[in-house]
Amino acid sequence: MTALNGLLVVELCGERGQYMGKLMGDMGARVVKLEPLQGSPERNIGPFKDDKPDPNSSLYFWARNTSKESLTVDLESPQGIALVKKLLKKADVFLEDRKPGFLESLGLGYEVLKKTNKKLVMTSLTAFGQDGPYRDYKSNDLVAL
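Quick note: the sequence shown uses the numbering used here, first residue 120, plus one each step.
Following this line, the structure appears as structure tokens:
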């Protein structure tokens, strides 16, 4: 048994937030990573196994996404949104790193989700928070330094 055994974590993260899910998966949680239909853009970042570029052989992607399951979903379709909502009804944790307001525009904001899953813990990783005067500022790694 591990620290997070039995938890279901749904991750909607790109490059910035995928390490959160990796750590939770490594500690025993079941982590389901949601990817766009064409796969996560990080799958195209090298280096690649045997130096052969392929979305399924990115060492960069593998290193940050161990201990996870992957599910492709179309967030631009009603069916895709319904699938995410169904999954989040059962989830314990929702990890996301999208721009502030993005999830709300899809009907997946915390205020909506907590009505169907009162136990859901949602973690949003943004550079400057979800609200306030800097919420829409762009950021990069230097800001964290």
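Backbone N, C-alpha and C fix where the C-beta goes; we use that ideal spot for every residue, glycine too.
Note that the coordinates shown come from a computational prediction; the quantities given were computed from them, not determined experimentally.
If you draw a straight line from the C-alpha of residue i to the C-alpha of residue j, how long is it?
| i | j | result |
| --- | --- | --- |
| phenylalanine 180 | proline 155 | 15 angstroms |
| leucine 232 | alanine 122 | 25 angstroms |
| arginine 254 | leucine 178 | 32 angstroms |
| lysine 204 | glycine 226 | 9 angstroms |
| threonine 276 | glutamate 134 | Missing from the structure shown is residue 276; the chain here goes from 120 to 264 and no further. |
| leucine 214 | glycine 147 | 16 angstroms |
| valine 262 | glycine 220 | 21 angstroms |
| glutamine 198 | isoleucine 164 | 29 angstroms |
Sort the options by Cα distance to residue i and report the nearest one.
| i | options | result |
| --- | --- | --- |
| lysine 234 | Leu178, Lys209, Tyr253 | Lys209 |
| lysine 237 | Met139, Gly226, Pro174, Val212 | Val212 |
| leucine 126 | Leu142, Val231, Gly136 | Leu142 |
Give the secondary structure of residue i by DSSP, where H, G and I count as helix, E and B as strand, and everything else as coil.
| i | result |
| --- | --- |
| lysine 168 | helix |
| glutamate 134 | coil |
| leucine 271 | Any answer about residue 271 is impossible in this case: the structure gives the chain only from 120 up to 264. |
| lysine 233 | helix |
*What runs of the alpha helix (DSSP H), each 4 residues or longer, lie entirely inside the segment 175–227?*
The segment 175–227 contains these whole alpha helix (DSSP H) runs: 178–183, 197–209, 221–224.
*Below 8 angstroms, can you find three or more Cβ-Cβ pairs linking the segment 146–166 to the segment 184–191?*
Touching, yes, given that three or more Cβ pairs across the two stretches are closer than 8 angstroms.
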